[in-house]
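Undergrad: The structure follows.
Residue numbers (our numbering): 337 to 673.
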């Protein structure tokens, strides 16, 4: 799928980007070029040390910001595939710096779309978040706008051979700023601060997130928002898994935080199809394909009327023991209770 192709990853020095680079190199040894596009020269330097140029001549490193349309367009020359992972992701950062969040997450998305159209790119997959579903914070709202921009981009492609789609998933296990590394650090103090005892979240590994993007690249028609079927966990089970001896201290839900995360609302379900391992929300306005054409292409069926996908009402759950195993595999190999 990616052999003899040139792939550009915006925000390519982040957790996802690094895992995606590693996966491409393992699965597609004949990839023509991988362009890591980001504004962080230190992180680029670290990746260069892991993949020295004499062993990995297919890697290229572009310093640039998705806000900079001309630089992004320059980087996209000759590119076949764009994976758009760049974003301002921290909820509190977005609330305090709303204009900066909009410039990166919304204006940046628009720049990616225009650069892709101008440079003859064939496939674009953008990363979203569960917070884009019925958003209550600015980060989620900007990602919902971004999702809509990418879906609608398929309607302005004209005769160009290009497809735009989106992947949406929940908390990545062990990612920066997530609860597991936070609890691992806090257990040294003997107290785990939690925001609410009933809180739940979706759970996905970094590799499963990469696999979802690969699935989208290989199967999208354009306009879909792909969503994985993944388990949920209870915040108290994470606490028990990491530090059962610690005191639990309830500190209250933070501004812009949900008790349960959503990825498909009951209204979204009117346009949602079941692909087996994944769901896909179809565009509400499409001038390229009908609902039946999407369903035939994906060999899918409509979800039931009133369906919704919520971490609190999910049918699949992580156990305390299962979480311990996952922490050891995906977060800290030396982890013990």
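Glycine is no exception: its CB is placed at the ideal position from the N, C-alpha and C atoms.
Here the structure is a predicted model, which is why all the values come from computation and not from measurement.
Please state whether the Cβ-Cβ distance between residue 452 and residue 498 is less than 8 Å.
TA: With contacts defined by Cβ atoms closer than 8 Å, residue 452 and residue 498 form a contacting pair.
Undergrad: Given 8 Å as the limit, is there contact between the region 511 to 529 and the region 572 to 590, that is, 3 or more CB pairs closer than that?
TA: yes
Undergrad: Starting from the N-terminal side, write out each stretch of the alpha helix (DSSP H) that is 4 residues or longer and does not extend beyond the region 358 to 430.
TA: Listed in chain order, they are 377 to 386, 405 to 411.
Undergrad: Mind checking residue 347: buried by the 16 CB within 10 Å criterion, or exposed?
TA: buried
Undergrad: Could you tell me the distance, in whole angstroms, from the CA atom of residue 361 to the CA atom of residue 463?
TA: 20 Å
Undergrad: Quick one: using the 10 Å Cβ neighbour count with 16 as the cut-off for buried, is residue 655 buried or exposed?
TA: With fewer than 16 other Cβ atoms within 10 Å, it is exposed.
Undergrad: Closest by CA to residue 532, which one among 450, 650, 594, 458?
TA: 594
Undergrad: For residue 546 and residue 355, what's the separation of their Cα atoms in angstroms?
TA: 7 Å
Undergrad: Could you tell me the alpha carbon to alpha carbon distance between residue 391 and residue 646, rounded to whole angstroms?
TA: 45 Å
Undergrad: Take every Cβ of the region 553 to 569, pair it with every Cβ of the region 400 to 414, and state whether three or more of those distances are shorter than 8 Å.
TA: no
Undergrad: For a minimum of 4 consecutive residues, which ranges assigned as the alpha helix (DSSP H) are wholly contained in the region 438 to 491?
TA: 444 to 455, 474 to 489
Undergrad: Grouping DSSP H, G and I as helix and E and B as strand, with all else coil, what is residue 640?
TA: coil
Undergrad: Which one of 442, 601, 623 has the shortest CA to CA distance from residue 642?
TA: Nearest of 442, 601, 623 to residue 642, Cα basis: 601.
Undergrad: Ignore the nearest five residues each way along the sequence and tell me which others in residue 637's own chain have a CB closer than 8 Å to its CB.
TA: 609, 610, 631
Undergrad: Rounded to the nearest angstrom, what separates residue 625 and residue 670 at their Cα positions?
TA: 50 Å
Undergrad: With the cut-off set at 8 Å, would you say residue 301 and residue 459 are in Cβ contact?
TA: Residue 301 cannot be examined here, being either before or after the span of the chain that is shown, 337 to 673.
Undergrad: Measure from the alpha carbon of residue 509 to the alpha carbon of each residue in 614, 567, 599, 490, then state which is nearest.
TA: 567
Undergrad: Does the beta-carbon of residue 382 have 16 or more other beta-carbons within 10 angstroms, so that it is buried, or is it exposed?
TA: exposed
Undergrad: Would you decide whether residue 597 is buried or exposed? Buried here means 16 or more other CB atoms lie within 10 Å of its CB.
TA: buried
Undergrad: For the candidate residues 440, 447, 495, 456, whose alpha-carbon lies nearest to that of residue 479?
TA: 440
Undergrad: Beta carbon of residue 411, beta carbon of residue 371: below 8 Å?
TA: For residue 411 and residue 371, yes; Cβs fall inside 8 Å.
Undergrad: Kindly indicate which three-state DSSP category residue 667 falls into: helix, strand or coil?
TA: Per DSSP, reduced to three states, the secondary structure at residue 667 is coil, with no helix or strand assignment.
Undergrad: Which runs of the alpha helix (DSSP H) at least 4 residues long sit entirely within the region 571 to 627? Give them in chain order.
TA: Taking only runs of at least 4 residues, the alpha helix (DSSP H) segments lying wholly in the region 571 to 627 are 571 to 578.
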